[in-house]
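Note that the working numbering has the sequence shown beginning at 182, numbered continuously upward. Below is one structure; the comments refer to it alone.
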Amino acid sequence: MTQTKDESFELYDLRVEIVRSGEGKVYCGTPGDYFELRGEMLHLPPGQGFSIYSLAAVLPLLAAKQRPTHKNDWMTSDAEVACPDPNCPTRLRITRLGLRRFDHSDTTKVALPGEEDA
Numbered sequence: 182m183t184q185t186k187d188e189s190f191e192l193y194d195l196r197v198e199i200v201r202s203g204e205g206k207v208y209c210g211t212p213g214d215y216f217e218l219r220g221e222m223l224h225l226p227p228g229q230g231f232s233i234y235s236l237a238a239v240l241p242l243l244a245a246k247q248r249p250t251h252k253n254d255w256m257t258s259d260a261e262v263a264c265p266d267p268n269c270p271t272r273l274r275i276t277r278l279g280l281r282r283f284d285h286s287d288t289t290k291v292a293l294p295g296e297e298d299a
């Protein structure tokens, strides 16, 4: 009988949506515009763009938001990111969607610690 070793892990799919907080014009897009992150792949709805400056503001947080975090961790509760333009009231909301399961060997060629390369 062959036993298969579990090398799986889970990441949240994320939705990053333009929301508006406060008064003033939204310069970075239209409220409701969004993209989704599934694994490492970014998906935009057909025909919709997304500001590279807004993307630059949220990009450093996405890998951490994908991972399960402790209930008291600020990464669990804080979900809005300000536009990097100090004159723009735009906020970007990061929402965790469902968990997606991955296998280590499907995401990297590097062996797990303590295992030899295949």
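Beta carbons are placed, not taken as given, at the ideal position from N, Cα and C, and that holds for glycine.
- For S189, the residue or residues it bridges with in DSSP: D284
- Message: At the level of alpha carbons, what is the spacing between C209 and D254?
- Response: 29 Å
- Cβ-Cβ distance between R196 and R272 below 8 Å: no
- Do you know offhand how far A299's Cα is from S189's? A caution first: A299 carries a pLDDT of 48, below 50, which makes its placement in the model unreliable, though a value can still be read off. In a straight line, the C-alpha of A299 is about 17 Å away from that of S189.
- Task: Hey, could you find the ends of the beta strand (DSSP E) V262 is sitting in?
- Result: E261 to A263
- Message: Taking only three categories from DSSP, how would you classify L218?
- Response: strand
- Would you call I233 buried or exposed, if buried means 16 or more other Cβ atoms sit within 10 Å of its Cβ? exposed
- Does the beta-carbon distance from D194 to L223 come in below 8 Å? no
- Task: Taking the CB atoms as reference points, tell me whether E191 and R277 lie closer together than 8 Å.
- Result: no
- Task: Please name the residue in D266, D259 and T257 whose C-alpha comes closest to that of L236.
- Result: It is D266 whose Cα lies nearest to the Cα of L236.
- Message: If I follow the unbroken alpha helix (DSSP H) through K252, where does it start and stop?
- Response: Taken as a continuous stretch (DSSP letters only), K252 belongs to no alpha helix (DSSP H), as it is neither H nor E.
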